[in-house]
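See structure below.
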Amino acid sequence: MNNISVFCEIENGIVADVSLELLTKAYHLSEKLNCKLEAIAIGNKLNSIPKQVFPYGVHKLFLVEDRRLEFYQTLPFTHIVAGIFKESKPQIALMGASNVGRDLGPRVSSKLNSGLTADCTELEIGDFYDKKNDKQYNNLLYQIRPAFGGNIIATIINPEHRPQMATVREGVMKKEIINKNNIGEVVNLDSNKYLNNTDFVIEILERHVEERSINIKNSQVIVSGGYGVGSKENFKYLYELASVLGGEVGASRAAVDAGFADHARQVGQTGVTVRPKLYIACGISGQIQHTAGMDQSAMIISINIDKDAPINEIADIVITGDVSSVVPKIIAAYKKNTK
Amino acid sequence: MKKLKIVVLAKQVPDTRNVGKDAMKADGTVNRGALPAIFNPEDMNALEQALQLKDKYPDTEITILTMGPGRAADIIREGLYRGVDNGILLTDRKFAGSDTLATSYALSLAIKKIEPNLIIAGRQAIDGDTAQVGPQVAEKLNIPQITYAESISYQNNNIIVKRRLDNGIETVQSPLPVLITVGSSATICRARNAKLLMKFKHACTQSELQEKSNDYIIQQRPYLKISEWGVDDVDADDKLLGLSGSPTKVKKIENVVFTAKESKIINDNEAEINELIIELIENHTIG
Ligand SMILES: Cc1cc2nc3c(=O)[nH]c(=O)nc-3n(C[C@H](O)[C@H](O)[C@H](O)COP(=O)(O)OP(=O)(O)OC[C@H]3O[C@@H](n4cnc5c(N)ncnc54)[C@H](O)[C@@H]3O)c2cc1C
Ligand SMILES: Nc1ncnc2c1ncn2[C@@H]1O[C@H](COP(=O)(O)O)[C@@H](O)[C@H]1O
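Each protein sequence line maps, in turn, to chains A and B. Residue 1 is where the first sequence starts when you use our numbering, and the numbers rise one by one after that. Residue 1001 is where the second sequence starts when you use our numbering, and the numbers rise one by one after that.
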């Protein structure tokens, strides 16, 4: 049976969260398909990769270690990944919809002439009957994603071409250890088998990478502000509330565009996807591009002067009022009751 | 230095940023007619990068290439108004229904015919948001690619690009030929130039000409003719185009509907908010 393959993105010897999230998803898909889970890691020092990925249920890990491959580069990575796919013939191949995955994925798909669906929000296994050719396909990958600016949800399939390729954004799938004692097989591959010298024509002259200082994705409580918060100044109420609740501050794109908050805090289709225990939406109208990134939150509270704001339709609790008046009252009530 | 011969890839897209209530038909499909067709925003950023190179190296030649229906000739006119040298509309019924891979195949054939040494595309088109066509074209042309560019310069026969990483910036250097995709963090595009607007106002394709019947203008001023290429002009293999050339198929489209929850309404007063907070602490949502 052909397997599922996940390309693992590595920065400073650490496997990216998005790759671990995909391994988790891919493991569950592999159980449904009754096949195995494979992972690919390419880079310089990879000795700690096996123990990072095996708990996620990986059966087989392909390692390609090469001094020249410390940083991602399109051509060498394309040739290695496409080469491994040609040999191991996975039925499904997944990668993160990060800047790396979105550079590599289309290149590999073009090389192998296989279809690729970008930015999927759900992946499922299902069947398809092709009426025109009277042909039945079983166990295809349903690649589900928003399109047209989030106004429609499309289910895409690749009936004939393999691998069925998809990219998924960070935070969309849940990361979950499958078995912390799982040990899989490590296969070391020689990079030279896949590369030629012209693969290094692009030279990296300079590289500045910042540590990610803001990470709202893993926060259990998110206090998020929209354009309705009114100013950067007013955002201080949100920071205070987030800090007393032990949470983080998020923002809508309109708030980010207005300069009220950093882009790293943006929630939604072009920001991060979050699923906290509690999401407090302050002065956010709830356009589809925003709610796409937070509607899986366990509880949603909306604070809005407009009682008919669309966000209220998905909120569990609606507080009708002005952010600058409601938020201080919440802080006071919380302090009073937790003394 | 080698003369730059640039192809800018630009697409006409429905303006998904301003989707009104009439944008969806009752059967859940997109009502394209209700959406204004615009120049894909990031392709404008790509165009500006090409124009800046031409500002610096005036012998640079820029061709704007777009694949789409007849009305996509607007894209080429917008390019001409801003300073590109010429444009090609790749149009044929057989291209319809192409996914990104089939689109890339068609575009790569047209590019081979133009023989540029630099190709600049937008990062992604707002209708599909896939960001696939650029890299897929580069692979079909078997040349390197540089994605997420913020600025492009040209020195000693090398292209130097500052590009965005997820958490940083990288500067890379490539020889020609190379394909570059430009993101929205690059400089926004200049406005139309008034003189060029006057000059190219009547530029049109052969098909448009037949409708307008203003042949004589084109005869006098041949530069007003926008080339149209079809499947045969680029020697495309029909099997690799349109629906049959597309590995991905759309199985199902759903209109996005909010499922309204039963929500609890609370007013802006201390007593009600206090009660809510006590409840949230008790059920361990916070605390
Ligand atoms: C391709 C694309 C991608 C996008 N991606 C994202 C994304 O990732 N994330 C995102 O958030 N958006 C995204 N958007 C933008 C999105 O469509 C909306 O424009 C945006 O989410 C609106 O932000 P907002 O709710 O803060 O502002 P508005 O829509 O202006 O809403 C402000 C709200 O605040 C309320 N309000 C005003 N004053 C007060 C007050 N004093 N107290 C309480 N309430 C008040 C108003 O009633 C209103 O409901 C995207 C758009 C496109 C086209
Ligand atoms: N039909 C087309 N004609 C010309 N260029 C295109 C076309 N489709 C895509 N492109 C280019 O490829 C980029 C990425 O498109 P996409 O993969 O659809 O997000 C766009 O920004 C354009 O530069």
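All C-beta atoms, glycine included, are put in the ideal place defined by N, C-alpha and C.
So the candidates are K1252/B, S1108/B, P1175/B; which of them puts its Cα closest to the Cα of V1137/B? S1108/B
Helix, strand or coil for R1123/B, going by three-state DSSP, please let me know. coil
Going by beta-carbon coordinates alone, are L241/A and F62/A separated by less than 8 angstroms? no
Any heavy atom of ligand 2 closer than 7 angstroms to the beta-carbon of N1040/B? yes
With 16 other CB atoms within 10 Å as the buried threshold, where does R102/A fall? buried
Which whole-angstrom value describes the C-beta separation of V249/A and R275/A, a residue pair presumed to lie in contact below a C-beta threshold of 8 angstroms? Going by Cβ atoms, the distance from V249/A to R275/A rounds to 17 angstroms, so no, they are not a contact pair.
Going along the chain, which residues of the segment 218-241 of chain A sit with their C-beta nearer than 8 angstroms to a C-beta in chain B? V221
Going by Cα to Cα distance, which pick from L1004/B, D1043/B, I1038/B, P1014/B is closest to V1182/B? Residue D1043/B is the option with its Cα nearest to V1182/B.
Cβ of Y1148/B less than 8 angstroms from any chain A Cβ? yes
For P159/A, does the three-state DSSP call read helix, strand or coil? coil
Taking the alpha-carbon positions, what's the A292/A to G268/A distance? Distance between A292/A and G268/A, taken at the CA atoms: about 6 angstroms.
For a contact meaning CB atoms closer than 7 angstroms, what does S1104/B contact in chain A? S110
Look at the Cβ atom of T1187/B, then the Cβ atom of G115/A, and state whether they are nearer than 8 angstroms. The Cβ-Cβ distance between T1187/B and G115/A does not fall below 8 angstroms.
N- and C-terminal bounds of the alpha helix (DSSP H) containing A1102/B: 1100-1114
Do you know offhand how far I153/A's Cα is from E1254/B's? If you draw a straight line from the Cα of I153/A to the Cα of E1254/B, it is about 5 angstroms long.
Taking only beta-carbon positions, decide if I152/A is within less than 8 angstroms of chain B. yes
Suppose the cutoff is 6 angstroms on Cβ atoms and the five residues either side in sequence are ignored; what does the same chain contact list for E65/A look like? Excluding sequence neighbours, E65/A sits near L46.
Starting from the C-beta of S1184/B, find all residues in its chain whose C-beta is less than 8 angstroms away, skip the five residues before and the five after it, and write them out in chain order. P1041, E1042, N1045, R1123
Leaving out the 5 sequence neighbours to the left and right, which residues in its chain are closer than 7 angstroms to S285/A when beta-carbon positions are compared? G226, A309, P310, I311
Check whether the Cβ of M173/A lies closer than 7 angstroms to any heavy atom of ligand 2, and answer yes or no. no
Starting from T320/A, find everything on chain B with Cβ-Cβ shorter than 8 angstroms and list it in chain order. I1265, I1266, N1267, D1268
DSSP-derived helix/strand/coil call for G1087/B: strand
Pairing CB atoms from the segment 72-84 of chain A with CB atoms from the segment 1085-1105 of chain B, are three or more of them under 8 angstroms? no
Please return the same chain residues whose Cβ sits closer than 6 angstroms to the Cβ of H59/A, not counting the five positions on each side in sequence. Cβ within range, chain order: K36, L37, G184.
If we count the other Cβ atoms within 10 Å of its Cβ and call it buried at 16 or more, is Q52/A buried or exposed? Q52/A comes out buried.
Under 9 angstroms between beta-carbons, which chain B residues line up against T74/A? List them in chain order, please. P1135, A1138, P1144, Q1145, I1146, T1147
Just verifying my parser: in three-state terms, what is the DSSP assignment at Y72/A? Judged by DSSP in its simplified three-state form, Y72/A adopts coil rather than helix or strand.
Rounded C-beta distance between I144/A and T167/A? I'm assuming under 8 angstroms. Actually they do not touch by this definition, with Cβ atoms about 13 angstroms apart.
Give every residue of the same chain whose Cβ lies closer than 7 angstroms to the Cβ of G1287/B, excluding the five residues on either side of it in the sequence, and list them in chain order. I1281
Would you call G1070/B buried or exposed, if buried means 16 or more other Cβ atoms sit within 10 Å of its Cβ? Classification for G1070/B: exposed.
The segment 263-279 of chain A: which residues have C-beta closer than 7 angstroms to a C-beta of chain B, in chain order? K277, L278
Taking Cβ to Cβ, would you say L1243/B is nearer than 8 angstroms to G1128/B? No, the Cβ-Cβ distance between L1243/B and G1128/B is not below 8 angstroms.
Pick helix, strand or coil for H290/A, following the three-state DSSP scheme. Looking at H290/A - three-state DSSP - the assignment turns out to be helix.
Out of curiosity, what's the CA-to-CA distance linking K32/A and A255/A? 42 angstroms
Can you tell me where the beta strand (DSSP E) with Y227/A in it begins and where it stops? Counting along the chain, Y227/A falls outside any beta strand (DSSP E), and DSSP gives it neither H nor E.
Per-residue burial, T338/A [other beta carbons within 10 Å of its own, 16 or more giving buried]: exposed
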